[in-house]
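Trainee: In mature numbering (1 follows the signal peptide of the UniProt record, and there is no 0), the protein residues as written are -19 to -1, 1 to 132. Ideal Cβ positions, reconstructed from N, Cα and C, are used throughout, including at glycine.
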Amino acid sequence: MLVLGVILVGLLSVSVASAQDSDDYPSIVQKIAEKFNLNEADVQAVFVEDREEHYAEMQARWSERLDDLVNDGKITAEQKQVILDKHEEMHNKMEEWKDLNVEERHEKMHALHDEFKTWAEGPGIDLPLLGPFGRGFMRGFHKGYMMGTNN
């Protein structure tokens, strides 16, 4: 169950990855812009576009995985909707954390993980069915926090 909580939170992290930490990501954009004499906003736009494409691909795989579970009779359509609703709720919470500092985001992630574990016990969803989807999700997190510019 712990792994699946982390997987769902990880899936959500990709959606929030547009909020890069000012200690890491912007320096990459700045370095690329300076090295190749490019407009920093243009470089930033490429990173954002790539991130959005990656998120859309992950969302499509997630939806397909849930559809397969419903079609195989492993979860019901109602359970699928409960999972999707929880996913959206968690995504919205994480969106609110963009401007938090590293420690605050780390604390929020731990609390969200604990909340998910408690939630998962309620709707009767066999969480191992949802894994191992999302392998490598921690790429959306660096040093335990969401990478991104604090806008």
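#1: Taking only the alpha-carbon atoms, compute the straight-line gap between Lys16 and Glu30 and give it to the nearest angstrom.
#2: Cα separation between Leu47 and Lys61?
#3: For my contact list, Lys55 and Leu110 are in at a C-beta cut-off of 8 Å; report their separation, rounded to the angstrom.
#4: Short check: CB of Leu81 to CB of Lys74, under 8 Å?
#5: Give me the Cα-Cα distance between Leu65 and Glu34, rounded to the nearest whole angstrom.
#6: Cα separation between Glu38 and Ile106?
#7: Can you give me the start and stop residues for the alpha helix (DSSP H) that Thr99 sits inside?
#8: Just to confirm the assignment, what range does the alpha helix (DSSP H) spanning Glu45 have?
#9: Taking the alpha helix (DSSP H) that Leu65 falls in, what are its first and last residues?
#10: Could you tell me the distance, in whole angstroms, from the CA atom of Val24 to the CA atom of Gln40?
Mentor: Straight from the coordinates:
#1: Walking along the sequence shown from the start, residue 16 turns up at place 35. Walking along the sequence shown from the start, residue 30 turns up at place 49. If you take the alpha carbons of Lys16 and Glu30, they lie about 21 Å apart.
#2: Counted from its first residue, the sequence shown places residue 47 at position 66. Counted from its first residue, the sequence shown places residue 61 at position 80. Using only the alpha carbons, I get a separation of about 6 Å.
#3: Taking the first residue of the sequence shown as 1, we reach residue 55 at position 74. Taking the first residue of the sequence shown as 1, we reach residue 110 at position 129. Right, their Cβ atoms sit about 5 Å apart.
#4: As a position in the sequence shown, residue 81 is number 100, starting the count at 1. As a position in the sequence shown, residue 74 is number 93, starting the count at 1. With contacts defined as CB atoms closer than 8 Å, Leu81 and Lys74 fail to qualify as a contacting pair.
#5: As a first step, residue 65 must be located in the sequence shown, where it is residue number 84. As a first step, residue 34 must be located in the sequence shown, where it is residue number 53. The straight-line gap separating the alpha-carbon atoms of Leu65 and Glu34 is approximately 20 Å.
#6: The residue given as residue 38 occupies position 57 in the sequence shown. The residue given as residue 106 occupies position 125 in the sequence shown. Between the alpha carbons of Glu38 and Ile106 lies a distance of about 24 Å.
#7: By one-based count along the sequence shown, residue 99 stands at place 118. Residue range 83 to 101 is occupied by the alpha helix (DSSP H) that includes Thr99.
#8: In the sequence shown, the residue the question calls residue 45 occupies position 64. Looking at the DSSP string, the run of the alpha helix (DSSP H) that includes Glu45 is 21 to 52.
#9: As a first step, residue 65 is located in the sequence shown; it is residue number 84 there, counting from the start. 58 to 76 is the extent of the alpha helix (DSSP H) around Leu65.
#10: Residue numbering aside, residue 24 sits at position 43 when the sequence shown is read from its first letter. Residue numbering aside, residue 40 sits at position 59 when the sequence shown is read from its first letter. When rounded, the distance between both Cα atoms is 25 Å.
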